[in-house]
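Before any comments, here is the structure.
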Amino acid sequence: SSGINAEYGVITSAYLSKTRGEEAIKPETKSLMNETAKYVDTMNFAWIILTDSNGRHAEWGDNKTNKRGEEILEFVQENVLNIENNTNDPTFENSRGASSIIDLTITNHKANKSIKKWKLTKTGLSDHNEILTEMNLGNETVITTKLY
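Residue numbers (our numbering): 7 to 154.
Okay, here's the thing in structure tokens:
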């Protein structure tokens with residue numbers, strides 16, 4: 007069956023900020039991520055994460071891997087999460103020709119069947135391409151558009 011496989015769920019929108027030259031996720035952010043993962047697991051909630059991660063990794067189709075990408079992949083694997091991005095097209099493209107896949111949609115096993123549609127659209131309104139996510143949340147379908 008499709009949809010959320012739990013009575014309750016959490017949708018997290020997260021921007022993992024980065025300053026020039028900084029690769030690793032800040033310790034306080036990492037702590038919050040781990041506390042949230044533990045809480046969601048303990049409560050048996052479905053979990054959908056929409057994030058501008060600033061992390062790059064070949065695992066989700068980026069042509070480069072950075073320290074932050076390695077940390078995010080480790081977090082995903084340790085918490086048995088799924089990356090829902092379904093294309094190798096960049097989620098970030100700037101006017102200087104730089105591009106990457108840093109915007110991720112991540113779910114846990116209780117929510118991974120809830121993603122009905124995941125579509126990337128180039129709008130020109132931002133360096134980040136728009137991500138349209140259509141989710142089946144039980145009796146309702148919710149459509150989110152994320153533009154970072």
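Don't be surprised by glycine CBs; every beta carbon is placed ideally from N, CA and C.
According to the DSSP secondary-structure assignment, TRP53 is paired through a beta bridge with VAL16. Residue state for SER120 is assigned as helix, using DSSP reduced to three classes. Assigned with DSSP and collapsed to three states, ASN91 falls in coil, not helix or strand. Annotation: VAL16 to TRP53 spans about 5 Å, alpha carbon to alpha carbon. Apart from the 5 residues on each side of it in sequence, ALA43 sits with its Cβ closer than 6 Å to the Cβ of ASN85 in its chain, given in chain order. Going by beta carbons, PHE81 and MET39 fall inside the 8 Å limit. Sequence-distant Cβ neighbours of HIS115 in its own chain, meaning closer than 7 Å and more than five residues away, are VAL86. Burial is judged here by how many other beta carbons sit within 10 angstroms of a residue's own beta carbon; VAL148 has fewer than 16 and is exposed. Taking the C-beta atoms as reference points, THR113 is found nearer than 8 Å to ILE121. Counting along the chain, the unbroken alpha helix (DSSP H) around ILE78 starts and ends at 73-84.
Taking a C-beta distance under 8 Å as the contact criterion, ASN94 and GLY75 do not qualify as a contact pair. The beta carbon of ASN72 lies closer than 7 Å to those of GLU29, GLY61, ARG62 in the same chain, with the five residues before and after it left out. Across the set LYS70, ASN100, THR57, GLU99, the C-alpha of THR57 shows the shortest separation from the C-alpha of THR18. Looking at the DSSP output, TYR21 sits in a beta bridge with ASP58. If the five residues before and after GLU65 are omitted, its C-beta is found closer than 6 Å to the C-beta atoms of LEU79, all from its own chain and listed in chain order.
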